[in-house]
Amino acid sequence: MSSRLLFCLILLFFCTQICCDEIYQTEDDRTRYQATHSRCLGRYCGRKYEDKMVTTEVCGKCERGSKTDGWVCLPCEDVPTRYEWCYLIFVFMLPCGINGSIIILTSKIMKDRIVLIISSFFEAAIAFLFTLLSFNPKGNLKIYTCNVDQFSDWFPTFYNPPNYHCSSEKVYPFWTFFLLFYLYLLGLILLFRFILKKVFQLQSMTTLMLRTLHPIPFLLILQVLFGGLIYYFFPYLLLFIGACLDLYFHITNNLISTINITTYFFRYSLLFFSLFSITQQYDLTDNLYLIFDFVAPLLFAGYYYLTKPLTKPEKWMD
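Residue numbering for the sequence shown is -20 to -1, 1 to 298, as defined by mature numbering (1 follows the signal peptide of the UniProt record, and there is no 0).
What follows is the structure, encoded as structure tokens:
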């Protein structure tokens, strides 16, 4: 009796495996599967997928690093688009710009400024490198993503069907990339600034370190609440900041100095990057005129900077 029961249980197990584990690898497999199975409820629900096989018939939450096609949760193996790389570069640029501004406005000693600005760049660069190495494929500078298709991908919680919880990181890894990057950056700031204080004996190190740490929680809250908006609008934000900086330095009228010439190239690099990011939302070949929009004011501004001293005759008259 017990042997018959054991035999029935083994038979039932294999039948269940045969019924549930279905191949989902080629395009024909997927077409066949989708024709014989119902689509999952909700925009972000799917069935579990392992080793090129569908292992369950129950729809649910996709694991981190996977996305649903409506039926099955497939691993994210897309490469970042150019616009997505621009977004990642923006994530790197943001703390560099904020920390650099704090250092310039706070520190009164030129030696401290130079050392701390160089340090803030390397802190962000190393944190960015560590973050890249932390995502699949781990230990490799190549990164796999779930390409962003629409604004709702950033907020899947609001699209759960009734009695289902299918929220996951559909925009993998762009949400957690930002958070992990700032976690690494926080640790590196504490480490680097401690070493610099011991080596260079910088007078304003403690105050500057605290002030550069203050924006990090604020930036993390912004990412959690408005990550989708930042992703789509960061080029226009950079364009606005670059234009405001350019206007400010023209109003101050202190144009011929080493600092202002440096900021001149920084401002126009910022404008170029913002315009380039905007073109990547579309086909670059259809928007080459936007590059001219960057080059033309650069030429006129350069001419203005070089000829402005000639507009003051008192400098040339005895």
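Using N, Cα and C, we set each Cβ at its ideal position, and we do this for glycine too.
- In the structure shown, Gly40 falls within a strand segment according to DSSP collapsed to helix, strand and coil.
- The three-state secondary structure of Glu64, taken from DSSP, is helix.
- Secondary structure remark: continuous alpha helix (DSSP H) runs of at least 4 residues inside the stretch 162 to 196, in chain order: 185 to 193.
- Take the alpha-carbon of Pro215 and the one of Tyr63: they are about 10 angstroms apart.
- Here Asp58 carries a strand assignment [DSSP, helix/strand/coil].
- DSSP, reduced to helix, strand and coil, places Arg19 outside both helices and strands of the structure shown, so it counts as coil.
- Sixteen is the threshold: since fewer than 16 other Cβ atoms of the shown chains lie within 10 Å of the Cβ of Glu30, the residue is exposed.
- In the three-state reduction of the DSSP assignment, Lys88 falls in the coil class.
- The stretch 41 to 56 and the stretch 19 to 29 touch, with no fewer than 3 CB-CB distances between them shorter than 8 angstroms.
- Of the residues assessed, Cys66 falls on the buried side of the cut-off, its CB having 16 or more other CB atoms within 10 angstroms.
- Just so you know, the alpha carbons of Leu219 and Phe252 end up roughly 9 angstroms apart.
- The DSSP-derived three-state label of Val95 is helix.
- In this structure Gln203 is in contact with Phe158, their Cβ atoms being roughly 5 angstroms apart against a cut-off of 8 angstroms.
- Taken through DSSP and simplified to helix, strand or coil, Thr125 comes out as strand.
- Residue pairing from DSSP places Thr48 in a beta bridge opposite Cys53.
- Under the criterion of beta carbons closer than 8 angstroms, Phe108 and Phe161 qualify as touching, at roughly 6 angstroms.
- The three-state reading of DSSP puts Gly119 in coil, since its state is none of H, G, I, E or B.
- By the criterion of a C-beta distance shorter than 8 angstroms, Trp155 is surrounded in its chain by Trp134, Glu149, Gln203, Gly207, once the five residues flanking it on both sides are discounted.
- Between Val59 and the set Phe70, Pro153, Thr86, the nearest pair of CA atoms involves Pro153.
- Its Cα nearest to that of Thr86, the residue Thr187 stands out among Thr187, Ser257, Phe213, Ile69.
- Beta-bridge partners assigned by DSSP to Glu30: Met33.
- Cβ-Cβ separation between Ser99 and Phe172: approximately 5 angstroms, consistent with a contact (criterion under 8 angstroms).
- Closest by C-alpha distance to Met73, out of Cys126, Ile97, Thr16, is Ile97.
- In the three-state reduction of the DSSP assignment, Cys76 falls in the helix class.
- For a cut-off of 8 angstroms, the C-beta gap from Ile221 to Leu250 is around 7 angstroms, short enough to register as a contact.
- Inclusion of Phe110 and Ile123 in the CB contact set at 8 angstroms is not warranted, their separation being larger than that value.
- Judged by beta-carbon spacing, Pro141 lies beyond the 8 angstroms limit of Leu54, meaning their Cβ atoms are not closer than that value.
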